[in-house]
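Enquirer: Numbering (this note's numbering), first residue to last: 429 to 583.
Backbone N, C-alpha and C define an ideal beta-carbon position, used for all residues, glycine too.
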Amino acid sequence: MKVSALLKSTQLLALTICLVLLLVAPTFSADPTEATTEQVKNMMETNQAMVIYPLSLMEFNSLHIKNSVNIQIEHIPEELPADKTQALVFYCLGFTWTASLDAARLATKAGYQNVYVYRGGLPEWIKAGYPTETTEVLPKVDVPSVSVQELKALL
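1) Let me make sure I understand the geometry here. Which of Asp530, Glu466, Met486, Pro505 has the alpha-carbon closest to that of lysine 555?
2) Just to confirm, is the Cβ distance from arginine 533 to proline 482 under 8 Å?
3) What does the alpha-carbon distance come out to for the pair proline 509 and asparagine 489?
4) Taking only runs of the beta strand (DSSP E) that begin and end inside the stretch 523-549, which ones reach a length of at least 3 residues, in chain order?
5) So tyrosine 519 and valine 479 are supposed to be a Cβ contact under 8 Å. How far apart are they, rounded?
6) From glycine 522 to glycine 548, what distance separates their C-alpha atoms?
7) Go through its chain and collect everything with a Cβ distance to valine 543's Cβ below 6 Å, but skip five positions before and after it.
8) Starting from leucine 516, trace the beta strand (DSSP E) both ways and give me its first and last residue.
9) Cα separation between valine 545 and aspartate 530?
10) With a 10 Å radius around its C-beta and 16 neighbouring C-beta atoms as the bar for buried, classify serine 528 as buried or exposed.
11) Measure the alpha-carbon distance for threonine 524 versus glutamine 577 and round it to whole angstroms.
12) Let me make sure I understand the geometry here. Which of Leu491, Asn498, Gly539 has the alpha-carbon closest to that of glutamate 564?
13) Mind reading off the beta-carbon distance from proline 551 to lysine 494? Whole number of angstroms is fine, and I expect it under 8 Å.
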């Protein structure tokens with residue numbers, strides 16, 4: 429009888445663990461697929477993906493990949509297409525920036541199934557000689573500088 433009770437207890441524990449994993453599993457998702465410059469260009473030429481710049485509108489207007497759209501990271505996922513099978517490519521200002529990866533992860537977490545991150549972003553696109561666009565030139569502003577000694581005196 430004791431072996432039978434232990435077996436039932438072990439089976440109940442295993443069943444409980446399986447149920448917990450089934451409930452929690454959807455919250456864990458793999459990182460989005462990384463796309464190369466050529467892949468992004470091909471997806472754009474064949475209208476296979478929406479290419480999204482998740483930084484500010486001011487930065488987007490200053491310079492972006494031609495025919496890409498601006499959906500700021502704080503508006504993801506609510507401003508993404510309703511069709512969660514739509515391919516989405518997120519890019520920003522290159523490998524040292526994380527906004528494209530963060531935005532892609534938000535889309536993946538929201539249930540989008542075809543999410544790509546273009547980590548090379550704008551610098552790699554420009555390096556390849558592909559078209560960019562400026563919709564509003566940022567004004568030139570002189571920013572005053574202070575020396576370390578002047579800053580110390582100000583503080």
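Expert: The answer reads as follows:
1) By 1-based counting over the sequence shown, the position of residue 555 is 127. With distances taken between Cα atoms, lysine 555 lies closest to Glu466.
2) Here residue 533 refers to the residue found at position 105 of the sequence shown. Here residue 482 refers to the residue found at position 54 of the sequence shown. No, Cβ-Cβ distance for arginine 533 and proline 482 is not below 8 Å.
3) Against the sequence shown, residue 509 aligns to sequence position 81. Against the sequence shown, residue 489 aligns to sequence position 61. Those two C-alpha atoms are separated by around 21 Å.
4) 543-546
5) Taking the sequence shown and counting its residues from 1, one reaches residue 519 at position 91. Taking the sequence shown and counting its residues from 1, one reaches residue 479 at position 51. At roughly 7 Å, the Cβ-Cβ gap stays under 8 Å, so tyrosine 519 and valine 479 are in contact.
6) In the sequence shown, residue 522 corresponds to position 94, counting from 1. In the sequence shown, residue 548 corresponds to position 120, counting from 1. Going from the Cα of glycine 522 to the Cα of glycine 548 covers about 5 Å.
7) To locate residue 543, count along the sequence shown from 1; it is residue 115. Result list for valine 543: Pro460, Leu516, Ala532, Ala535, Thr536, in chain order.
8) Residue mapping note: residue 516 aligns to position 88 of the sequence shown, counting from 1. Residues 516-519.
9) In the sequence shown, the residue the question calls residue 545 occupies position 117. In the sequence shown, the residue the question calls residue 530 occupies position 102. So the two alpha carbons sit approximately 9 Å from each other.
10) Here residue 528 refers to the residue found at position 100 of the sequence shown. It counts as buried.
11) By one-based count along the sequence shown, residue 524 stands at place 96. By one-based count along the sequence shown, residue 577 stands at place 149. When rounded, the distance between both Cα atoms is 31 Å.
12) Translated into positions along the sequence shown, residue 564 becomes position 136. Among Leu491, Asn498, Gly539, the Cα nearest to that of glutamate 564 belongs to Leu491.
13) Here the question's residue 551 lines up with position 123 in the sequence shown. Here the question's residue 494 lines up with position 66 in the sequence shown. Wrong, their Cβ atoms sit about 15 Å apart, outside the cutoff.
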